[in-house]
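Read the structure below first, then the notes.
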Amino acid sequence: MWPEQLPALAVAVPLACAPVAALLRTGLPAWTVATVASVASFAFAVLLAGSVGGLDELSYAVGSWPVPYGIELRITSFSALLLLIITGASSAALLAGRHSLETEVAAPRHPFFYAAWLLVLGGLIGIVVSGDAFNIFVFMEVSSLATYILVAGGSNPRALPAVFKYLVMGTIGATFYLIGVGLIYMMTGTLNLADMGTRIHDVADLKPILAAVGFVTIGLILKAGLFPLHVWLPNTYAWSPHIVTAFIAACSAKVSLYVLLRFDFMVFQGSLVDHQLQFSGFLMPLAVLAILVASGVAMAEGNLKRLLAYSSVAQIGYVVLGASLMTASGLTAGIIHMFNHALAKGAMFLAVAGIAIRITSLRLEDLAGIGRLMPWSTAAFMLAALSLIGIPGTAGFVSKWYLISAALDAGTVGVALVVVIVASSLMTVAYIWRIAETMYFRAPLDNAAGVRDAPPWMLGVLWVVALANVWFGLLPGIPLVLSADAAATLLGHLP
Amino acid sequence: MKLFGLYNYWVFALLLMIGLYAVIAKPNLVKKLLGLSIFQSAVFLLYISMAKVEGGTAAIIQHTAEPQIFSNPLPHVLILTAIVVGVSTVALGLAIVVRIREEYGTIEENEIQARDRDR
Numbered sequence: 001m002w003p004e005q006l007p008a009l010a011v012a013v014p015l016a017c018a019p020v021a022a023l024l025r026t027g028l029p030a031w032t033v034a035t036v037a038s039v040a041s042f043a044f045a046v047l048l049a050g051s052v053g054g055l056d057e058l059s060y061a062v063g064s065w066p067v068p069y070g071i072e073l074r075i076t077s078f079s080a081l082l083l084l085i086i087t088g089a090s091s092a093a094l095l096a097g098r099h100s101l102e103t104e105v106a107a108p109r110h111p112f113f114y115a116a117w118l119l120v121l122g123g124l125i126g127i128v129v130s131g132d133a134f135n136i137f138v139f140m141e142v143s144s145l146a147t148y149i150l151v152a153g154g155s156n157p158r159a160l161p162a163v164f165k166y167l168v169m170g171t172i173g174a175t176f177y178l179i180g181v182g183l184i185y186m187m188t189g190t191l192n193l194a195d196m197g198t199r200i201h202d203v204a205d206l207k208p209i210l211a212a213v214g215f216v217t218i219g220l221i222l223k224a225g226l227f228p229l230h231v232w233l234p235n236t237y238a239w240s241p242h243i244v245t246a247f248i249a250a251c252s253a254k255v256s257l258y259v260l261l262r263f264d265f266m267v268f269q270g271s272l273v274d275h276q277l278q279f280s281g282f283l284m285p286l287a288v289l290a291i292l293v294a295s296g297v298a299m300a301e302g303n304l305k306r307l308l309a310y311s312s313v314a315q316i317g318y319v320v321l322g323a324s325l326m327t328a329s330g331l332t333a334g335i336i337h338m339f340n341h342a343l344a345k346g347a348m349f350l351a352v353a354g355i356a357i358r359i360t361s362l363r364l365e366d367l368a369g370i371g372r373l374m375p376w377s378t379a380a381f382m383l384a385a386l387s388l389i390g391i392p393g394t395a396g397f398v399s400k401w402y403l404i405s406a407a408l409d410a411g412t413v414g415v416a417l418v419v420v421i422v423a424s425s426l427m428t429v430a431y432i433w434r435i436a437e438t439m440y441f442r443a444p445l446d447n448a449a450g451v452r453d454a455p456p457w458m459l460g461v462l463w464v465v466a467l468a469n470v471w472f473g474l475l476p477g478i479p480l481v482l483s484a485d486a487a488a489t490l491l492g493h494l495p
Numbered sequence: 496m497k498l499f500g501l502y503n504y505w506v507f508a509l510l511l512m513i514g515l516y517a518v519i520a521k522p523n524l525v526k527k528l529l530g531l532s533i534f535q536s537a538v539f540l541l542y543i544s545m546a547k548v549e550g551g552t553a554a555i556i557q558h559t560a561e562p563q564i565f566s567n568p569l570p571h572v573l574i575l576t577a578i579v580v581g582v583s584t585v586a587l588g589l590a591i592v593v594r595i596r597e598e599y600g601t602i603e604e605n606e607i608q609a610r611d612r613d614r
């Protein structure tokens with residue numbers, strides 16, 4: 001009986017636990033509630049990933065209202081993969097992060113902080129499982145508003161202007177999406193994504209639909225932080241509490257890309273003439289610019305977290321580049337890169353959180369020689385960095401391999417794309433080397449003497465995530481199968 | 496005639512652009528939030544306009560002999576949710592502005608940037 005309720009439970013458990021966490025008086029019980037809810041949703045995600053295989057889709061009618069009229073939750077392989085990323089990132093960050101949060105967030109605010117965390121988690125899960133366009137908007141706003149709270153909840157005042165910019169741009173993005181959904185509803189009379197896709201065929205005047213394509217695409221790439229709409233991203237990642245960065249850097253941008261791909265393929269691709277060409281023609285140049293420009297900026301950046309944030313902008317470019325090839329192998333590459341990048345960046349930001357417990361400034365010159373003082377944190381950081389570069393044997397290599405082979409299938413353009421990918425990998429080596437050189441080959445600063453490694457519990461979680469990079473590099477079976485099925489599901493909507 | 500018959504949508508587009516202009520051009524953070532609020536209100540107008548059926552009334556069952564024409568109630572319900580979202584966004588934004596004023600002593604964007612550069 002109850003396994004049928006899994007899609008609803010995955011959303012309901014974090015949302016229902018959020019007020020419980022807010023009502024608790026002190027940090028520890030609230031942390032326990034948040035962590036248990038997060039691990040429980042991870043368990044739901046694993047069960048759901050096991051129950052959708054191949055092109056199967058799990059449809060759940062909320063409140064038993066028949067599907068095109070009521071709200072539908074729809075689990076595909078793509079949603080299952082994203083669920084694993086979101087719940088996994090949240091669980092790892094919460095398990096590792098209590099100590100780090102205590103140093104950054106004032107104690108009376110802890111229960112509210114964990115409540116906001118659960119709202120982000122529930123909202124992101126809601127976006128991923130929902131098959132209803134307006135429902136996605138509501139969950140998007142639930143998770144965004146709670147994310148603003150998490151980002152501004154720390155002690156660094158520089159987070160405040162950053163989060164204000166994020167709030168303004170995020171709201172514009174979500175409102176654009178809402179306008180697009182409104183225009184489609186006006187012409188088709190439905191809010192269900194699958195139903196929209198079939199009903200657009202009968203629309204006589206396509207002009208509002210074409211406007212909707214523009215609004216939805218721009219709104220979502222604004223929320224995903226694709227170049228040149230990434231300006232909110234670096235400062236938000238850099239100044240939010242470190243554990244929050246580890247959580248949102250691993251999943252929130254990817255969820256927007258997920259909505260973009262799912263919306264575009266389910267609703268527009270099958271029913272608009274030449275849409276595939278326009279989709280790739282619009283997104284591919286942006287992806288290439290994202291990869292090259294952001295990697296270049298990362299090479300010159302002096303703050304460790306801002307450097308990693310610019311690297312994230314480049315990695316979003318990789319995902320979009322894979323998707324814009326519009327082939328099964330390209331989409332597989334883009335989608336598996338969501339998973340692999342979440343592993344690598346999640347581990348790197350967790351390591352940064354561990355380092356930041358002991359050292360307040362994260363400017364590169366202040367991190368000189370910490371490889372000797374904090375050997376375990378820095379080693380895990382470097383292991384994940386190798387995965388980010390794409391060294392064979394790590395998860396990053398799997399996605400780079402698929403991306404390059406997908407690009408080679410694409411003819412002349414593909415060769416240029418391979419040059420871009422290789423050039424940006426070299427730039428990644430360059431900025432990672434700057435960090436490695438600072439951490440390992442410089443003498444520690446005088447005021448850093450006596451700095452110990454991060455707390456053992458945190459190191460344990462960090463190393464689990466870091467070693468997962470190697471595990472999924474050598475045995476990429478599960479994410480690879482899910483990504484290939486996700487790509488096949490998306491392409492199945494084409495005429 | 497057709498052009499002006501749909502004047503609701505012209506007002507929608509105009510409000511949308513006024514809001515976006517204020518968000519981009521005004522350095523004062525409160526004015527930016529006002530712009531954002533206008534920007535969102537424009538979308539409310541879009542939804543409400545599309546729901547209108549000529550001669551239609553509120554979608555409440557009326558026990559009268561002659562058949563009734565109803566306006567589409569669904570966009571009203573949707574936009575009720577969007578209004579709540581808009582109110583929360585502005586409230587949260589204002590709370591952040593208050594915190595910025597406490598930390599920086601100003602709510603002008605250029606002065607905040609100048610303060611950040613000096614740190």
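Chains as they are written, first to last, in the numbering used here: chain A, 1 to 495; chain B, 496 to 614. Just so you know, even glycine gets a beta-carbon here, dropped at the ideal spot from N, CA and C.
For the region 115 to 132 of chain A, the set of residues with a beta-carbon nearer than 7 Å to any beta-carbon of chain B is empty. In terms of beta-carbon proximity, residue 512 of chain B stays away from the interface with chain A, with every pair separated by 8 Å or more.
Closest by C-alpha distance to residue 550 of chain B, out of B:576, B:539 and B:562, is B:562. Residue 82 of chain A and residue 312 of chain A have their C-alpha atoms roughly 17 Å apart. CA-to-CA, the gap between residue 521 of chain B and residue 511 of chain B works out to about 15 Å. At a C-beta separation below 7 Å, residue 141 of chain A has these neighbours in chain B: 580. Distance from the CA of residue 271 of chain A to the CA of residue 252 of chain A, rounded to the nearest whole angstrom, comes to 29 Å.
The region 234 to 266 of chain A contains, as complete alpha helix (DSSP H) runs of 4+ residues, the segments 242 to 263 (chain order). Using a 10 angstroms sphere on the CB of residue 363 of chain A, the tally of other CB atoms stays under 16, which defines it as exposed. For the C-beta of residue 613 of chain B, not a single chain A residue is nearer than 8 Å; the gap to the nearest is close to 12 Å. Of all alpha-carbon atoms in B:572, B:613 and B:594, the one lying nearest the alpha-carbon of residue 153 of chain A is that of B:594. Taking 8 Å as the CB threshold, residue 148 of chain A lines the interface with chain B. Less than 8 Å separates the beta-carbon of residue 96 of chain A from that of residue 458 of chain A.
Measuring C-alpha to C-alpha distances from residue 568 of chain B to each of B:544, B:589 and B:591 identifies B:544 as the nearest. Under the three-state reduction of DSSP output, residue 220 of chain A falls in the helix class. Taken through DSSP and simplified to helix, strand or coil, residue 130 of chain A comes out as strand. Between the alpha carbons of residue 438 of chain A and residue 368 of chain A lies a gap of roughly 5 Å.
Contacts with chain A at 8 Å (Cβ-Cβ) include residue 591 of chain B.
Only buried fits residue 132 of chain A, as 16 or more other CB atoms lie within 10 angstroms of its CB. Taking C-beta separations shorter than 7 Å and ignoring five residues to either side along the sequence, the partners of residue 103 of chain A in its chain run 357, following chain order. Any Cβ of chain B closer than 8 Å to the Cβ of residue 415 of chain A would place that residue at the interface, and such an atom is absent.
Between residue 30 of chain A and residue 21 of chain A, the CB-CB gap stays under 8 Å. At least 8 Å separates the CB of residue 529 of chain B from every CB of chain A.
In this chain, the alpha helix (DSSP H) harbouring residue 316 of chain A covers 304 to 324.
Residue 600 of chain B is outside the set of residues whose beta carbon lies under 8 Å from a beta carbon in chain A.
Residues of the same chain with a CB within less than 7 Å of the CB of residue 503 of chain B, apart from the 5 flanking positions on each side, are 540 and 544 in chain order. Comparing C-alpha distances from residue 361 of chain A to each of A:138, A:177, A:304 and A:269 shows the shortest one belongs to A:304.
At a beta-carbon threshold of 9 Å, none of the residues of chain A lie near residue 525 of chain B; the nearest stands roughly 11 Å away. Just so you know, the alpha carbons of residue 330 of chain A and residue 606 of chain B end up roughly 46 Å apart. For residue 51 of chain A, the enclosing alpha helix (DSSP H) covers residues 27 to 51. For residue 72 of chain A, the beta-bridge partners assigned by DSSP are A:61.
The residues 606, 607 and 610, in chain order, have a CB closer than 8 Å to that of residue 599 of chain B in the same chain once the five nearest residues on each side in sequence are set aside. Secondary structure at residue 565 of chain B: strand, using DSSP grouped into helix, strand and coil.
Per DSSP, the unbroken alpha helix (DSSP H) holding residue 358 of chain A starts and ends at 328 to 358. Neighbours of residue 175 of chain A in chain B, taken as residues at a C-beta separation under 8 Å, are given in chain order as 534, 535 and 538. Rounded to whole angstroms, the gap between the alpha carbons of residue 326 of chain A and residue 491 of chain A is 8 Å.
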